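Residue 48 in the numbering used here sits at position 52 of the sequence shown, with consecutive numbering throughout.
Report on one structure; see the data block that follows.
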Amino acid sequence: MTLTHDRSNHVLNGTLKSSDVSEASFTVKLLELIAEEFKKHGVETKTIRLADHNIKPGVTSDEGDAWPDILGHNPSLLRAAHPRLR
């Protein structure tokens, strides 16, 4: 029996530093190391840096922020990881 899997992966980067900050983010470096390991197994990784998006606090499914756009990348995975989006 052969299983077919999607060979891509979306990672949420929860650093508080946005991309336009010149200071290095240790979270970015950690995620780069993880992505390198995934790549060795044929899995491509795309990182979504949450600090670069308008994300508001709240518990409803639509706070009028960027979560719906972020969910468009992989809704089932993100819903499992984030209780606000169930």
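All residues carry an ideal CB built from backbone N, CA and C; glycine is no exception.
No experiment lies behind these values; they were computed from the predicted model shown.
In terms of Cβ geometry, I30 and H49 do not form a close pair [threshold 8 angstroms]. Sequence-distant partners of L8 (beyond 5 residues in either direction) whose C-beta falls short of 7 angstroms from its own C-beta, in its chain, are I44, L46. Collapsing the DSSP output to three states places L26 in a helix. For the set F34, T23, G10, the Cα lying nearest the Cα of S4 is the one of F34.
Non-local beta-carbon contacts of K42 in its own chain, meaning distances under 8 angstroms to residues more than five positions away in sequence, involve S4, N5, H6, V7, H69 in chain order.
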